[in-house]
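K.L.:
Line order of the protein sequences matches chains C and B. Numbering follows the numbering used here, with no gaps: position 393 of the first sequence is 393. Numbering follows the numbering used here, with no gaps: position 368 of the second sequence is 1368. Positions of the beta carbon are idealized from the N, C-alpha and C atoms, including for glycine.
2 protein chains.
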Amino acid sequence: MDKINIEKSNALAVDKMMSARPILVGVGRASDLIPNMQANLILHAGPPITWEKMSGPMKGAVIGGIIFENLAKNEEDAISMIEGGEIEFAPCHEFDSVGPMAGVTTASMQIYEIVNSTDGNKAYSNLNEGYGKVLRYGAYSEDVIKKLRWMNEEVAPVIADALASSDHGIDIRQLLSEALHMGDEGHNRNKAGSILYTAKLAPLIAKHCDNSSIASDVLQFLADNALSVLNPVMAGCKAMADAAHGIEGSTIMTVMARNGTELGVRISGLGDRWFTGPVGQPVGLYFPGFTSDDASGDIGDSTITETVGIGGFAMASAPAIVTFVSGTPQDALNATMEMYEITVSEHKHFTIPALDFRGTPVGVDIRKVVELGITPRINTGIAHKDAGVGQVGAGLVRPPMSVFEESLVAFAEHYGILD
Amino acid sequence: MDKINIEKSNALAVDKMMSARPILVGVGRASDLIPNMQANLILHAGPPITWEKMSGPMKGAVIGGIIFENLAKNEEDAISMIEGGEIEFAPCHEFDSVGPMAGVTTASMQIYEIVNSTDGNKAYSNLNEGYGKVLRYGAYSEDVIKKLRWMNEEVAPVIADALASSDHGIDIRQLLSEALHMGDEGHNRNKAGSILYTAKLAPLIAKHCDNSSIASDVLQFLADNALSVLNPVMAGCKAMADAAHGIEGSTIMTVMARNGTELGVRISGLGDRWFTGPVGQPVGLYFPGFTSDDASGDIGDSTITETVGIGGFAMASAPAIVTFVSGTPQDALNATMEMYEITVSEHKHFTIPALDFRGTPVGVDIRKVVELGITPRINTGIAHKDAGVGQVGAGLVRPPMSVFEESLVAFAEHYGILD
């Protein structure tokens, strides 16, 4: 093997991450868009996991996904199918996809399609269901499934037609740049991004949707949900992270994702191997009637935002988020400042007005994480630990240090640079 | 006369200012909505002024207003009508109205109607034309008039129908509270407010506008203009300021407005008397090809935002605005901090995340202005000094100290408290 230059590899990786330009080009069925998607395959958040080891909310979402697909009529039938080996599981990330919280994505679900116009790679994410009792938080009652069907049959086609009629699709990087100047951090606070998204779609929907009542309902659904844009943003981040993946000799983290039981990372220079460890417990604010005793472990692919330098890394842009995740505006500022310690660059497109327009910290170098003992900051929603309940709060969490230690050892072994 | 208690009067005035709840309820013709509006009456920004003393952009907008009303065919005819005494002029403020920059509002123009649901008082403002060559900056060429007619005949009815179909109208105070957490200051940066406004109207427009092409055009016009919401916001601020006006013994400023030649203020406890002085010259950033030599003096009623505690007073909420008006994010923070010195309260509804959610400085006490020698901060657009050109930049300016000195002397005389 040639002698590797880690600094140079990392500079290349982070440059590809920043130069990626994810464009939201369409909406379509997962089975049509995602290569090798199968009818009995359920994609989920985080690293690989078996049914037995799944957390409550992940199990609930899987059951809901099976019912949504009409593979089973109820919870009992769904579980017997799973236990009979009729259902396959795989991480979204292994199918160019990402999903918030449980991340459950099934074959007939309508999903967003993103193309990185710089490098041509694609990424996908399901549609955001809004707040309340929703599949991604492990709820699967009849009304949850009914809403998913409405989204699939009524909302998705309207957005699909709107995007199909647009000249250039929606530039997610540009939308995020703007949203970061409007108090978002792009993960847990996507309020500005979601109304920017709604305002961009509105003229297209008004023009191309024949049914004015449906057009109005879809616009209301998008406008009322401060997380409307989270899923296209996550797919956009996935496209950026993937652009930086597979760079020989790079120690940059290109995936960080949680399934509620384990958190897994992947490293640019180490191919598709997962490094996993136990998830942390978010610390934050709980909705009335819930406490930390109700909380599931950390879950979701939404940490793809932190992976590309926003979310917990851009909290200085979003002082108002502390009303949702706890802490003070100064804590939010400190969170961003700390992340400069473990990253290799400052983002050339994502800037923070309050820090004199400094670029967000981007490109987590696992060497720095281990050397300094500082793990990435994550903003996150908090799911109830039991299947079928839903969201109970929002807060902050960190990945286990062990995944960075293990990946660094593996890196050294792989490149033969162990002393 | 009873002995007055200025502190108590001011507390009452600022409480009424903060408790006012301006709701955007409709759009209609100025002649139908504004009491005593006349066909030959042109409302303008700032304090009273004669044709002879008007600045270039004000003259240009007046000529355009006369042509828009079909009272004259061209500039020459318009001027001869004015010189023949056929046209009347009055400040918007004297007709419950406000208009940005030249503020020209004529009888057949479609205008926004605001009701303060707390006290019942009403306020009005014209529609925002967007950027470029526009009437409010003194441009009056054929394309300017054509756009105004399109707005009057196509845009306004669509918004009117949407608002008429809405259950409660649009709560402007609530929209502003949200926008201040999204990087707006509500005067020169209304980016978040404008897309919030668009997103609120979109479902209503999609549902109630029969013509999908027009619905789409209107939504595109609203979404593309980062100042769409400025005019309803200004009318909302006018309704808040008016609620605080006329409080016996109060030294709170309830109007601050500029006509390009003079700036005028009104004081809560001094009735409808104007105190005027020469306008300042904004300092800021100029569009390519223009310099401060091209600038008109300070102009517009948009300082109604500063009057109620936003705009230049809330710059700490809007660090990104410095790319538009000059300075650094620290300057923006300092601007807000300075305004706490001359105000009597902190706003209970408008808060600044970056200052630990401290309320914006609200209620300018003319005693403090004079005593401390600190005049209010104003964010503003900059018009070209000649009629017919348009906007040349944006920046910061202050009113002349003389208007506060004069009003304070008048206050002392009026209340017989001169030593």
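Does C:L175 get closer than 8 Å to chain B when you measure Cβ to Cβ?
P.N.:
False, the Cβ-Cβ gap to chain B never drops below 8 Å.
K.L.:
Thinking B:H1349 and B:R1189 are a contact (beta carbons under 8 Å), I'd like their distance in whole angstroms, please.
P.N.:
Going by Cβ atoms, the distance from B:H1349 to B:R1189 rounds to 19 Å, so no, they are not a contact pair.
K.L.:
May I ask you to list, following chain order, the residues of the stretch 1356 to 1380 of chain B that have a beta carbon less than 7 Å from some beta carbon of chain C?
P.N.:
Result list: D1356.
K.L.:
With three or more C-beta pairs closer than 8 Å as the rule, is the stretch 1237 to 1249 of chain B touching the stretch 1107 to 1124 of chain B?
P.N.:
Yes, the stretch 1107 to 1124 of chain B touches the stretch 1237 to 1249 of chain B.
K.L.:
Could you check which residue in C:K200, C:E113, C:K59 and C:N116 has the C-alpha nearest to that of C:I299?
P.N.:
Among C:K200, C:E113, C:K59 and C:N116, the Cα nearest to that of C:I299 belongs to C:K59.
K.L.:
For C:M1, is the classification buried or exposed, using 16 other Cβ atoms within 10 angstroms of its Cβ as the cut-off for buried?
P.N.:
Any answer about C:M1 is weak, because its pLDDT of 46 lies below 50 and its placement is not dependable; what the coordinates show is given next. Classification of C:M1: exposed, given that the 10 Å Cβ count is below 16.
K.L.:
Taking Cβ positions only, does B:A1215 come closer than 8 Å to chain C?
P.N.:
So yes, B:A1215 belongs to the interface.
K.L.:
For B:A1394 versus B:L1285, is the C-beta spacing smaller than 8 Å?
P.N.:
Their beta carbons are under 8 Å apart, which means B:A1394 touches B:L1285 by this criterion.
K.L.:
With DSSP run on the structure shown, which of helix, strand or coil describes B:P1047?
P.N.:
B:P1047 falls in the coil class under three-state DSSP.
K.L.:
Check the Cβ-Cβ distances between C:M1 and every residue of chain B, and say whether any is below 8 Å.
P.N.:
Below a pLDDT of 50, predicted positions are generally treated as unreliable, and C:M1, at 46, falls in that range; no measurement from the model is reported.
K.L.:
In chain order, which continuous runs of the alpha helix (DSSP H) of length 4 or greater are located wholly inside the stretch 155 to 212 of chain C?
P.N.:
Complete alpha helix (DSSP H) runs here, min 4: 156 to 165, 172 to 180 and 191 to 208.
K.L.:
Report the start-end ranges of each beta strand (DSSP E) in the stretch 256 to 310 of chain C that is 3 residues or longer and not cut off at the edges.
P.N.:
Those beta strand (DSSP E) runs which fall completely within the stretch 256 to 310 of chain C and span 3+ residues are 262 to 267, 275 to 278 and 283 to 286.
K.L.:
Residues in the stretch 1252 to 1273 of chain B with C-beta within 9 Å of chain C's C-beta atoms, listed in sequence order?
P.N.:
Correct list: empty, as no residue qualifies.
K.L.:
Can you grab the Cα-Cα spacing for the pair B:C1092 / B:L1408, in whole Å?
P.N.:
Between B:C1092 and B:L1408, the C-alpha separation is close to 24 Å.
K.L.:
Mind the definition here: the stretch 1193 to 1211 of chain B touches the stretch 1138 to 1150 of chain B only if three or more C-beta pairs lie below 8 Å; say whether that holds.
P.N.:
No, the stretch 1193 to 1211 of chain B does not touch the stretch 1138 to 1150 of chain B.
K.L.:
Are C:I114 and C:P232 touching if we call contact CB-CB under 8 Å?
P.N.:
Cβ distance < 8 Å, so C:I114 and C:P232 count as in contact.
K.L.:
Closer than 8 Å, CB to CB, is C:P319 near chain B or not?
P.N.:
Yes, contact with chain B.
K.L.:
Taking all protein chains shown into account, decide if C:S213 is buried (16 or more other Cβ within 10 angstroms of its Cβ) or exposed.
P.N.:
Counting Cβ neighbours within 10 Å, C:S213 comes out exposed, since fewer than 16 surround it.
K.L.:
May I ask whether a heavy atom of the ligand FAD can be found less than 7 Å away from the beta carbon of C:H245?
P.N.:
You won't find the ligand FAD in this model; it holds no ligand whatsoever.
K.L.:
As a quick exercise: from B:G1065, B:R1273 and B:A1332, pick the residue whose alpha carbon is nearest that of B:G1410.
P.N.:
Note on residue identity: the sequence assigns Ala, not Gly, to residue 1410 of chain B. Taking only the C-alpha atoms, the option nearest B:A1410 is B:R1273.
K.L.:
Output the residue ranges of the alpha helix (DSSP H) runs that lie fully inside the stretch 356 to 389 of chain C and measure 4 residues or longer, sorted by chain position.
P.N.:
As far as the stretch 356 to 389 of chain C is concerned, its whole alpha helix (DSSP H) runs of at least 4 residues are 366 to 372.
K.L.:
Using DSSP bridges, identify the partner residues of C:P22.
P.N.:
Looking at the DSSP assignment, C:P22 forms a beta bridge with C:N116.
K.L.:
Leaving out the 5 sequence neighbours to the left and right, which residues in its chain are closer than 6 Å to C:P48 when beta-carbon positions are compared?
P.N.:
P91, listed in sequence order.
K.L.:
Buried or exposed for C:E7, going by 16 or more other Cβ atoms inside 10 Å?
P.N.:
So C:E7 ends up on the exposed side.
K.L.:
Pick out whichever of B:I1067, B:E1083 and B:G1130 has its Cα sitting closest to the Cα of B:E1142.
P.N.:
Out of B:I1067, B:E1083 and B:G1130, B:I1067 has the C-alpha closest to the C-alpha of B:E1142.
K.L.:
Would you verify that the beta carbon of C:S212 is, or is not, closer than 8 Å to some beta carbon of chain B?
P.N.:
Output row for C:S212: interface = yes.
K.L.:
Who are C:G393's beta bridge partners in DSSP?
P.N.:
The partner list for C:G393 (beta bridge, DSSP) reads C:Y286 and C:I382.
K.L.:
Apart from the five residues just before and just after C:V229, which ones in its own chain have a Cβ nearer than 6 Å to its Cβ?
P.N.:
Same-chain partners within the cutoff: N190, G193, S194 and Y197.
K.L.:
So is B:A1295 buried or exposed if we call it buried at 16+ other beta carbons inside 10 Å?
P.N.:
Buried is the call here.
K.L.:
At the 8 Å Cβ level, is C:K147 part of the contact set with chain B, yes or no?
P.N.:
No, C:K147 lies away from the interface with chain B (no Cβ there is under 8 Å from its Cβ).
K.L.:
Does C:M401 have its Cβ less than 8 Å from a Cβ in chain B?
P.N.:
No, C:M401 does not count as interfacial toward chain B.
K.L.:
Can you confirm whether B:Q1391, when its beta carbon is compared against all beta carbons of chain C, has any partner nearer than 8 Å?
P.N.:
Cβ-Cβ to chain C under 8 Å: no for B:Q1391.
K.L.:
Kindly indicate if chain C contains any beta-carbon less than 8 Å away from that of B:I1195.
P.N.:
Cβ-Cβ to chain C under 8 Å: yes for B:I1195.
K.L.:
Using DSSP with H/G/I as helix, E/B as strand and the rest coil, what is C:S97?
P.N.:
The answer is strand: DSSP assigns C:S97 an E or B state.
K.L.:
Can you give me the C-alpha to C-alpha distance between B:A1206 and B:I1159, rounded to a whole angstrom?
P.N.:
Whole-angstrom Cα-Cα distance: 11 Å.
K.L.:
Name, please, each residue of chain C whose Cβ falls closer than 7 Å to the Cβ of B:L1219.
P.N.:
Under the 7 Å cutoff, chain C gives A202, P203 and A206.
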